[in-house]
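In the numbering used here, the protein residues as written are 236 to 669.
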Amino acid sequence: MKKKGTMLGAAVALWSAAILTASPVSAQAGAIRGRVVDGETAAPLSAIVVELAGTEHRAVSGRHGTFALSGVAPGAYELIARASGYGETTQSVRVEPGETLMVAVRVETTVDHVAYRLDPITVTAARSARPGSRVAGSVSVVRSEEIGLRVAQSVDDVVGDLPNVTTIGGPRSQAELPQIRGLGADRVIFRVDGARQDFVSGHKGRLFLDPILLDRVEVVRGPGSALYGSGALGGVMSFATKDADDLLRPGERVGVRIAPSYSGGNEERGAFGTLFGRSGAVDYVGGFSFRDADDAKLSTGIDLPFSAYETWGALGKIGWNATESQRFEVSYDRFDESSTTPLNANSIATEPSQVGDRSSLRETLRIGYELEPLTDERLSVRVNAYRSRTNVEETRLSDRRHDLRELTTWGLDATGTSRFAVLDGVRTGLTYGF
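Take a look at the structure:
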């Protein structure tokens with residue numbers, strides 16, 4: 236009896252010792268955080284795959300080049316960084332128990348590279364950046380390459396073939412009204428670089444924008460008023476204009492793009508130009524677009540009367556990376572359109588009493604701030620302050636009656652995201668704002 240008690244006591248002691256020995260090991264896991272930069276220009280690089288050789292730890296650098304690998308067991312590793320257009324970079328690192336190792340990864344451009352197709356990043360559906368496959372909702376992302384391949388002349392050319400998205404208002408681009416799941420007007424929110432576009436006025440059109448200046452379009456289908464305020468019963472369309480990082484190639488500091496265009500359907504002639512670059516912590520983009528089109532030719536061979544138009548677009552954007560984790564940005568974009576069109580633009584009106592000279596203008600001035608801490612991922616912040624104005628003037632041909640509709644919106648939009656561990660190895664995020 237005494238022997239059994241002694242053996243049982245020894246077993247309990249060994250079991251307790253095993254628990255006490257194992258617990259600190261998992262609790263003392265370390266982490267690696269850092270930033271990926273271009274080896275020549277020192278500019279931060281996004282979409283770079285970073286991983287620890289021989290482990291399952293893997294991350295993709297964010298917009299400002301930051302990445303994080305958590306829950307890493309103490310020890311020595313080989314840190315590998317690779318992406319399309321860059322050579323594979325390897326550096327030795329050592330993770331100490333319970334500590335966060337800060338590293339700077341410099342990658343060099345190369346002709347021989349491995350191409351990766353990464354998931355499109357969406358920020359509209361949940362107000363925080365995440366791969367599209369992880370968004371709990373119906374979301375579509377149209378990227379710059381796709382917009383270019385479609386040779387888009389209007390917003391309808393960009394979103395018209397997305398699931399559950401249609402465009403009404405007739406064949407004239409100046410009257411396009413996109414809908415989501417049959418809901419339109421003020422039941423769909425439009426955003427350009429985070430600034431709301433609230434103009435709604437019958438057959439006057441709603442969103443005035445040249446797609447050539449866009450980098451990305453994200454469409455969220457379904458109610459989103461909890462995240463975006465009143466008006467998102469049908470969904471949200473978010474348009475992002477081009478940044479210097481979207482245009483600069485690996486190793487470039489400055490660039491210029493100029494291109495003419497022509498479309499035979501309505502004899503549209505156009506020209507587009509963009510100047511972009513980076514100098515130290517400052518990056519900039521300046522762009523313009525011009526289109527001049529005659530009446531559109533229908534499938535019957537006749538011209539659609541009063542469908543000609545002329546448009547001008549402009550974009551100016553300057554960003555400053557004040558610190559490794561803070562960025563300020565100021566942008567201004569403008570779109571002007573003039574045409575002679577039916578007062579009800581989806582009709583085939585020809586009488587002077589039903590037709591007028593129309594001039595449409597939209598301009599948005601925005602100041603933005605982003606905080607994405609490199610050493611502490613518990614809080615990231617995005618703030619947008621903006622002024623958006625839409626002006627539509629119309630003069631009837633028959634009696635020169637003048638109609639003016641104008642809406643100016645002043646807005647402040649702030650969003651914060653905190654990420655933290657709920658249980659050991661289980662992480663989550665909380666997004667909030669106003």
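Just so it is clear, CB atoms sit at the ideal spot from N, CA and C, and this is done for glycine as well.
To the nearest angstrom, how far is it from the Cα of residue i to the Cα of residue j?
i    : j    : result
T535 : L444 : 29 Å
G664 : R654 : 4 Å
R317 : T290 : 16 Å
I424 : R484 : 33 Å
A649 : S588 : 47 Å
G457 : I403 : 19 Å
R422 : E564 : 29 Å
A620 : G466 : 19 Å
E503 : G419 : 28 Å
V349 : V342 : Low per-residue confidence applies at V349: pLDDT is 47, beneath 50, and the placement is therefore not dependable, though the value from the model is reported in the following sentence. One C-alpha to the other measures close to 14 Å.
V374 : K532 : 34 Å
T325 : I315 : 5 Å
P259 : V328 : At P259 the pLDDT is 42, less than 50, meaning the model places this residue with poor confidence and gives no usable figure here.
E598 : I537 : 35 Å
L243 : V271 : Low confidence applies to L243: its pLDDT is 43, below 50, so where it sits in the model is not reliable enough to give any reading.
L642 : L304 : 47 Å
R513 : G554 : 9 Å
G505 : E286 : 45 Å
W547 : S408 : 14 Å
Y544 : D527 : 6 Å
S379 : K552 : 17 Å
A430 : I382 : 21 Å
G486 : G499 : 38 Å
L539 : G395 : 21 Å
G264 : V657 : A small fix is needed here, since residue 264 is Ala in this sequence, not Gly. Their Cα atoms are separated by approximately 16 Å.
R569 : R441 : 14 Å
G470 : L596 : 25 Å
I283 : L482 : 17 Å
P309 : L280 : 27 Å
V390 : R601 : 21 Å
E605 : E586 : 53 Å
G515 : L449 : 25 Å
P406 : F434 : 20 Å
D530 : T575 : 10 Å
T401 : L336 : 50 Å
T558 : A277 : 14 Å
G603 : S436 : 29 Å
S296 : L550 : 27 Å
V618 : P608 : 15 Å
N501 : G459 : 38 Å
V370 : M472 : 16 Å
S496 : G300 : 35 Å
D273 : Q414 : 42 Å
A584 : K439 : 15 Å
At which residues does the alpha helix (DSSP H) containing residue i begin and terminate?
i    : result
L462 : 460–463
D481 : 479–482
I283 : It is not in any alpha helix (DSSP H) - I283 carries neither H nor E in the DSSP assignment.
D445 : Note, D445: premise wrong, no alpha helix (DSSP H); not H, not E.
S379 : 379–384
A518 : According to the sequence as given, residue 518 is Asp; it is not Ala. Not the alpha helix (DSSP H): D518 falls in the beta strand (DSSP E), residues 517–528.
V394 : 390–394
Can you round the beta-carbon distance between residue i and residue j to whole angstroms, since I take them to be within the 8 Å contact cut?
i    : j    : result
Y321 : A288 : Contact flag wrong, Cβ pair sits at about 17 Å.
R416 : N399 : 5 Å
T479 : D518 : Before going on, a small fix: residue 479 reads as Ala here, not Thr. About 4 Å; that satisfies the 8 Å criterion.
V630 : R362 : Correcting the residue type first, residue 630 is Thr in the shown sequence and not Val. Contact doesn't hold; Cβ gap of about 42 Å is too wide.
S573 : S594 : 5 Å
G668 : G651 : 6 Å
V307 : A266 : 6 Å
V376 : V393 : Not quite, the Cβ-Cβ distance comes to about 11 Å (not below 8 Å), so this is no contact.
L632 : V590 : 5 Å
F302 : G269 : 6 Å
Over the uninterrupted beta strand (DSSP E) stretch that includes residue i, give me the two end residues.
i    : result
I424 : 423–427
F507 : 503–514
A475 : 470–476
S629 : Before going on, a small fix: residue 629 reads as Glu here, not Ser. Per DSSP, E629 belongs to the beta strand (DSSP E) from 615–631.
H299 : Taken as a continuous stretch (DSSP letters only), H299 belongs to no beta strand (DSSP E), as it is neither H nor E.
V709 : In this structure the chain extends from 236 to 669, so residue 709 is not present and cannot be described.
F655 : 637–658
P413 : 412–415
G664 : 661–668
P495 : 489–498
So, do the stretch 620–628 and the stretch 574–588 have three or more beta carbon pairs nearer to each other than 8 Å?
no
Inspect the CB distances between the stretch 484–492 and the stretch 453–469 and report whether three or more fall short of 8 Å.
no
Taking only runs of the beta strand (DSSP E) that begin and end inside the stretch 535–607, which ones reach a length of at least 3 residues, in chain order?
544–555, 561–577, 590–606
Should the stretch 520–534 be regarded as contacting the stretch 501–510, the criterion being three or more beta carbon pairs within less than 8 Å?
yes
Unbroken beta strand (DSSP E) runs of length 3 or more, entirely within the stretch 305–336: which are they?
310–318, 321–330
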